[in-house]
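S.K.: Quick one: structure below, then a few questions.
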Amino acid sequence: MAHFTKKSKAKPQISTASLPDIIFMLLIFFMVTTVLREQEVQVRAVLPMAEALTKIEQKRYVSYVYTGPEKLRGNRFGDIKVQIDDAIIDDLTNIRTIMYSKLVAEPRLIVSMRIDEESDMGVLTDVQSELRDAGALRINYSSRRDITGL
Amino acid sequence: MGVLAKRKKRDGAEIPTSSMADIAFLLLIFFLVTTTIDVDTGIGMTLPPKLDENVEPPPVRERNILKILINEQGQVLLEDLPSSVAQIRGEVLTHVRNMGRDLRYSESPDKAVVSIKTDRQTPYNMYIQTLDEVWMAYFEIWDNEARSLGFLNYQEYRSSLDDPKANEIREQWPAQVSLAEPDPGA
């Protein structure tokens, strides 16, 4: 018992001098990992579900191609459109030049295809043939993990 | 003039640093809130390079190709036989692991090609499901190979490699998935 009273007498204090340093470290970590969303997605892209998924480790090489029905006012959806960066591409042949300039800027480019599960293969084929023309060959069909199981 | 300069020197202005931690905290909270650490997942593919029209594509023997056809209703034709998506995985496994035994399947794993062909009207969802089954078959093969080498799974084998290009399992069992140009359809 005497032992305990002895302990309580000595008042240990944690030094807070290094607190700002720790906070700064955390701050820098989050600043580096943060990717600010700079674009608004104007098409609906409900991704399909799949099992054989791989992760894209290097997010900075990724460029997104959104494909799906265009979001209209009043919760309605229009025709299937393709969006790259923040603009809807009406003439699909423009994809070639866009992707080529992206590939020149970043040779390790990965094109992530965020395609709505209700779109069809026709538009995907057109986009892919443009990507082949541009030479952007690494693609990734973005999909969700099937959480309902088998 | 002289008076003013003297006074300034004596003050020795210092910025208080006690609020530094608070400022850092505020910034930290901002970045914590805006950070999304969701990893982008998907099915990776490498598109074939654009073909030169004068150059003929390399000949592939008929038996080495496993043809998967999906029509606009989402019906599957596996080597000209109507079947379901669930059957694809098993068929790919027998095709790749055939080692030349069955004449209908591939000669060897490195020659085996899986070809997926769709119509332009085929739903994207069906295409992904098919592609998923094909890749799951390959994942199963690679996992098995890694286990026979004494690893827990293929993922562990891959991370154990010093040079990711010198992947022996991938070399022996390359996944050759061909995406054929779809038919224009109706």
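Here the protein sequences line up with chains A and B, keeping their order. If you use our numbering, the first sequence corresponds to residues -18 to 131, in order. If you use our numbering, the second sequence corresponds to residues -16 to 169, in order. C-beta: ideal position from N, C-alpha, C; glycine also. In this text the structure is predicted, and so the values were computed from the model without any measurement.
Tell me which residue opens and which closes the beta strand (DSSP E) that isoleucine 69 of chain A is part of.
M.R.: First-last of the beta strand (DSSP E) with isoleucine 69 of chain A: 68 to 70.
S.K.: If we require 4 or more residues per run, which alpha helix (DSSP H) segments fall completely within the region -4 to 35 of chain A?
M.R.: List check, alpha helix (DSSP H) in window: 0 to 14.
S.K.: Have a look at the DSSP bridge pairing and note the partners of serine 124 of chain A.
M.R.: Answer is none; serine 124 of chain A lacks a bridge partner.
S.K.: Relative to the C-alpha of aspartate 101 of chain A, which residue among A/Asn121, A/Ile76, A/Ala26, A/Ala33 is closest?
M.R.: Nearest option by C-alpha distance: A/Ala26.
S.K.: If you reduce the DSSP assignment to three classes, tell me which class isoleucine 91 of chain A lands in.
M.R.: Strand, per DSSP.
S.K.: For isoleucine 76 of chain A, decide whether its Cβ has a neighbour in chain B, counting only Cβ atoms nearer than 9 Å.
M.R.: Cβ-Cβ to chain B under 9 Å: no for isoleucine 76 of chain A.
S.K.: By Cβ distance below 8 Å, which residues in the same chain neighbour proline 50 of chain A in space, the five residues on each side in sequence not counted?
M.R.: Around proline 50 of chain A: Val24, Arg25, Phe58, Gly59, Asp60, Ile61, Lys62, Asp97, Glu99, Ser100.
S.K.: Nearest to glycine 27 of chain B by CA position, among B/Val97, B/Gln138, B/Ile111, is which residue?
M.R.: Of B/Val97, B/Gln138, B/Ile111, the residue nearest in Cα terms is B/Ile111.
S.K.: Should the region 132 to 147 of chain B be called in touch with the region 70 to 90 of chain B, which here means at least 3 C-beta pairs below 8 Å?
M.R.: Because the criterion of three Cβ pairs below 8 Å is not met, the region 132 to 147 of chain B and the region 70 to 90 of chain B do not touch.
S.K.: Of all Cβ atoms in chain B, is any one closer than 9 Å to the Cβ of lysine 40 of chain A?
M.R.: Taking Cβ atoms only, chain B reaches closer than 9 Å to lysine 40 of chain A, which makes this a yes.
S.K.: How is the alpha helix (DSSP H) around isoleucine 124 of chain B delimited, first residue to last?
M.R.: It spans 107 to 131 - the alpha helix (DSSP H) in which isoleucine 124 of chain B sits, taken as one unbroken run.
S.K.: Nearest CA to the CA of leucine 21 of chain A: which residue from A/Leu8, A/Ile3, A/Gln64, A/Ala31?
M.R.: The displayed chain sequence assigns glutamate, not leucine, to residue 21 of chain A. Selected option, being the one with the closest Cα: A/Gln64.
S.K.: Valine 216 of chain B CB to nearest chain A CB: under 9 Å?
M.R.: The first residue shown for chain B is -16 and the last is 169, placing residue 216 of chain B beyond what the model contains.
S.K.: Is it a yes or a no for the region 4 to 23 of chain B touching the region 3 to 15 of chain A, going by three-plus beta-carbon pairs under 8 Å?
M.R.: The answer is yes - the region 3 to 15 of chain A touches the region 4 to 23 of chain B, with three or more Cβ pairs under 8 Å.
S.K.: Tell me which residue opens and which closes the beta strand (DSSP E) that valine 46 of chain A is part of.
M.R.: From DSSP, the beta strand (DSSP E) with valine 46 of chain A extends over 43 to 53.
S.K.: For lysine -8 of chain A, which residues of its own chain have a beta-carbon under 7 Å away from its beta-carbon, when the five flanking residues on both sides are left out?
M.R.: None.
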